[in-house]
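Oh and the sequence shown: position 52 is 299 in the working numbering, straight run, nothing missing. By construction, the Cβ of each residue, glycine as well, lies at the ideal position given by its N, Cα and C atoms. Structure first, commentary second.
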Amino acid sequence: MSAPVVVKPVVVVETSELTISEYFGRVASKQDAASVAKVEVRAATEARFQTPSFQEHVICTEGCIELVYGEDQRCRLEQGQSAFLPRGLRVKWTWPGPARYTVVCLPAFSPEMSNSEEAPSDAAKAAADSMLAPIVVQKVDVVDAPGITITEHFGKVASKDPVCSLAMAVVKGATEEAYQAPLFDEFVVCDAGSIEFLHGDGERVKIQAGEAIFLPKGLRVKWIWPEATRYTVLCLPAFSPELSGREAEESATVAKDYRQNLPAPI
248 MSAPVVVKPV VVVETSELTI SEYFGRVASK QDAASVAKVE VRAATEARFQ TPSFQEHVIC
308 TEGCIELVYG EDQRCRLEQG QSAFLPRGLR VKWTWPGPAR YTVVCLPAFS PEMSNSEEAP
368 SDAAKAAADS MLAPIVVQKV DVVDAPGITI TEHFGKVASK DPVCSLAMAV VKGATEEAYQ
428 APLFDEFVVC DAGSIEFLHG DGERVKIQAG EAIFLPKGLR VKWIWPEATR YTVLCLPAFS
488 PELSGREAEE SATVAKDYRQ NLPAPI
């Protein structure tokens with residue numbers, strides 16, 4: 248029988264300027280479908296040009312990020328903004344100062360797939376698809392209820408993408424959801440507070456700030472928030488009400504508001 252799997256983050260990059268902590272991926276959770284990382288940049292710095300063999304979904308949560316591509320074109324992300332980087336885009340990440348961001352790679356990041364250049368390469372530039380560019384995505388509050396706000400940065404609502412959804416949620420106090428058995432995998436990172444997951448025959452699993460949990464597709468589970476909490480959640484494929492497998496449960500304090508802003512499926 249499937250069960251939640253708690254995952255501890257692993258620091259995969261540590262320099263004087265930045266720290267990359269992987270919560271899911273080839274290192275932290277030994278799977279290659281997706282990677283989820285949180286990055287802290289402490290000082291102005293930049294990366295090498297790269298042409299990844301994966302797509303990237305980026306949410307800037309503090310500071311700003313500048314993405315250099317094409318003929319020295321620049322895409323700047325400020326706090327709260329998101330961008331989609333298509334697979335095969337030749338891009339250089341630069342950070343003008345301290346920043347924090349969340350990045351999801353599909354499939355999961357690996358150094359071999361990043362195709363990082365030792366030095367800027369004219370051959371790599373000539374071979375790159377000049378039609379590709381970062382796409383800035385407008386976030387959407389898909390749930391704005393008294394007890395919880397769920398902001399979708401990528402997914403069926405924000406980016407019209409059925410492949411995955413990436414959202415950040417703010418829970419304002421102790422509350423709970425109805426039981427559900429989603430038809431998607433969920434990758435959850437607790438950013439502040441704590442979350443309990445009730446499953447099976449009354450079994451409970453709890454994660455706290457800085458911890459993560461994988462909820463496999465088809466797992467019947469009830470989310471419980473004992474306190475004010477913030478979390479990040481990736482769904483594969485993208486969340487939709489029809490795929491949530493949510494049960495009617497009037498006692499769930501979030502339940503009555505959960506679907507209010509979600510559209511019909513694509």
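At a cut of 8 Å, does the region 417–428 reach the region 452–462 through at least three beta carbon pairs?
no
From Gln328, Leu445, Arg295, pick the residue whose C-alpha is nearest to that of Lys372; which is it?
Arg295
Quick one: what's Val257 bridged to in DSSP?
Glu269
Check for me: the beta strand (DSSP E) holding Asp438 runs from which residue to which?
432–439
Measure the beta-carbon distance from Cys483 to Ala281 and round it to whole angstroms, keeping in mind my assumption that it falls under 8 Å.
The question names Cys, but residue 483 in the sequence shown is Leu. Contact holds; Cβ gap of about 6 Å.
Hey, out of Asp448, Gly449, Thr396, whose CA is closest to Thr476's CA?
Thr396
Range of the contiguous beta strand (DSSP E) that encloses Ser412:
412–418
Among the residues of its own chain, which have a CB less than 7 Å from the CB of Thr341, if the five just before and after it don't count?
Glu293, Glu313, Val315
Quick check on the burial criterion: 16 or more other C-beta atoms within 10 angstroms. Buried or exposed for Gly402?
buried
With a threshold of 7 Å on Cβ separation, who are the neighbours of Asp279 within its own chain once the five nearest residues in sequence on each side are excluded?
Arg273, Pro354, Ala355
Got a sec: does the ligand NAD put a non-hydrogen atom nearer than 6 Å to the Cβ of Glu424?
Because no ligand of any kind appears in the structure shown, any question about the ligand NAD cannot be addressed here.
First and last residue of the uninterrupted alpha helix (DSSP H) at Ala371
369–374
Residue-chain proximity (Val410, chain B), Cβ-Cβ < 7 Å
No chain B appears in this structure, which consists of one protein chain only.
Classify Glu303 as helix, strand or coil using the three-state DSSP reduction.
strand
Is it the case that the Cβ atoms of Leu379 and Gly327 are separated by a distance below 7 Å?
no
Less than 7 Å between C-beta atoms, sequence neighbours within five positions excluded: which residues of the same chain meet that for Ser225?
Past the edges of the chain, shown from 248 to 513, lies residue 225, and the structure says nothing about it.
Provide the residue span of the alpha helix (DSSP H) that contains Glu359, from first to last.
358–361
For Glu313, which three-state DSSP category applies?
strand
Once DSSP output is grouped into helix, strand and coil, what is the label at Leu466?
coil
According to DSSP, is Leu332 part of a helix, a strand, or is it coil?
strand
Output the boundary residues of the beta strand (DSSP E) element that contains Thr476.
476–483
Using a threshold of 7 Å, state whether the C-beta atoms of Val351 and Leu481 are closer than that.
yes
Check Glu399 in the structure and name its three-state DSSP category.
strand
Is DSSP giving Pro512 helix, strand or coil here?
In this predicted model, Pro512 has a pLDDT of only 39, less than 50, meaning its place in the structure is not dependable enough to derive any value.
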